[in-house]
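Sequential numbering of the sequence shown, starting at 326, is according to the working numbering. Cβ atoms here follow ideal geometry from the backbone N, Cα and C, with glycine treated the same way. Here the structure is a predicted model, which means the values were calculated and not measured.
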Amino acid sequence: MKLGYLGPKGTFSEQAALLYAKSCQQACDYSIYMNITEVIAAVNDGVIDEGIVPLENSIEGTVTSTMDTLIFDSSLYIKCELVLKVSQNLMVRKGVGKEDIIRIISHPQALAQCRKYIKSIGVAETMAVSSTAEAAHIVSETDEPFGAIAPGISAEVYGLEIIGADIQDDDTNATRFVVISKKETELSAGMKTSIAFTLDDDNSPGRLYKVLDILNIYEINMIKIESRPAKHKLGTYVFYIDLVAGNEEDLRDAVKMIKRKVSFFKYLGSYPSIG
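Written out as structure tokens, the structure is:
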């Protein structure tokens, strides 16, 4: 199977791709892309079989480029999801100790996530770069006593030594990845189902409530709702919803009713969580 993910090597996306491949017990040929839209486009065009992309982070929220591309610019489905704990680590070239470090390099979000730890070891100078993997690469190439904050896989890729593990200030930080495919997944109860829709443009009051009330009538649990600009007219929005239904017939009936009340509807898949 050809599987694509967001690069470079040594990122959380690569870690998620490896975990997914292991769960499938399937040999994979990996393709690395430099942005999320390239991963999705490669699946959509049949260049690769599946792609794995981040959809949501527990602290930063929705990855809008993933959501928008799936809704507006592709004909793909979510096959499964994988939640990966964000574990940051301080890594150095072998022989460098914490007391030797004069600069810590990482992605701006990773530096922010580890602010208390950086202060605790007395390193005043930090440098932001484009990715945690890039930080690890820089540290591996320099003779200066620098440290990088990156996922553990980066230490393996770039030959570094981890001298501080799980150093993030918030231990609950996690990222939700989704695996996307051209193969449509069947509408199923007991799994997470994702849909997107646009309301009729009649400006009548309570339009969104009337749609959401359908889920209430059928006792379907809505676990996420988010609006995104519909991109064709100011003030019009696409609503993205994650839901879980206990009864398959109720789920199918609810989806049918929602389709009748909206001007645009997109089914993105019913899928399990793995890992």
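Tell me which residue opens and which closes the alpha helix (DSSP H) that residue i is part of.
{"i": "P597", "result": "Run containing P597: none; DSSP gives neither H nor E here."}
{"i": "V464", "result": "T457 to E466"}
{"i": "K584", "result": "E573 to K586"}
Are the CB atoms of residue j and residue i within a distance shorter than 7 Å?
{"i": "Y345", "j": "L415", "result": "no"}
{"i": "G376", "j": "I357", "result": "no"}
{"i": "G594", "j": "T523", "result": "no"}
{"i": "D354", "j": "K327", "result": "yes"}
{"i": "G335", "j": "V482", "result": "yes"}
{"i": "K584", "j": "V536", "result": "no"}
{"i": "V411", "j": "I426", "result": "no"}
{"i": "V503", "j": "I384", "result": "no"}
{"i": "I430", "j": "A473", "result": "yes"}
{"i": "A521", "j": "V563", "result": "yes"}
{"i": "L380", "j": "T391", "result": "yes"}
{"i": "D558", "j": "E486", "result": "In the sequence as displayed, the identity of residue 558 is Lys instead of Asp. The answer is no: Cβ separation not under 7 Å."}
{"i": "S338", "j": "I599", "result": "no"}
For residue i, which three-state DSSP category applies?
{"i": "C349", "result": "helix"}
{"i": "S399", "result": "coil"}
{"i": "V482", "result": "helix"}
{"i": "L364", "result": "Checking the sequence, you will find Val at residue 364 rather than Leu. Here V364 sits in helix by DSSP."}
{"i": "P554", "result": "strand"}
{"i": "L537", "result": "helix"}
{"i": "E424", "result": "helix"}
{"i": "R440", "result": "helix"}
{"i": "A570", "result": "coil"}
{"i": "N546", "result": "strand"}
{"i": "D393", "result": "helix"}
{"i": "S338", "result": "helix"}
{"i": "L409", "result": "strand"}
{"i": "S445", "result": "helix"}
{"i": "L559", "result": "coil"}
What do you reckon, is the C-beta of residue i under 6 Å from a heavy atom of the ligand PLP?
{"i": "P470", "result": "The ligand content of the structure shown is nil, which means the ligand PLP is not present either."}
Within the continuous beta strand (DSSP E) that includes residue i, where are the two ends?
{"i": "T451", "result": "T451 to A453"}
{"i": "P601", "result": "Shown here, the chain extends from 326 to 600; a query on residue 601 therefore has no answer."}
{"i": "L415", "result": "N414 to V417"}
{"i": "G472", "result": "F471 to A475"}
{"i": "D354", "result": "D354 to Y358"}
{"i": "Q497", "result": "At residue 497 the sequence reads Thr, which differs from the Gln that was named. It is not in any beta strand (DSSP E) - T497 carries neither H nor E in the DSSP assignment."}
With which residues is residue i paired in a DSSP beta bridge?
{"i": "E375", "result": "L328 and S506"}
{"i": "A521", "result": "Y565 and K591"}
Item checked: contact_flag[the stretch 538 to 550, the stretch 563 to 571] where n(CB pairs < 8 Å) is 3 or more -> Taking 8 Å as the limit for Cβ pairs, the verdict is that the stretch 563 to 571 does touch the stretch 538 to 550.
Margin query: Taking contact to mean 3 or more Cβ pairs, one atom from each stretch, closer than 8 Å, check whether the stretch 385 to 401 and the stretch 436 to 445 are in contact.
Written below: By the Cβ criterion, the stretch 385 to 401 is not in contact with the stretch 436 to 445, since fewer than three pairs of Cβ atoms, one from each stretch, lie closer than 8 Å.
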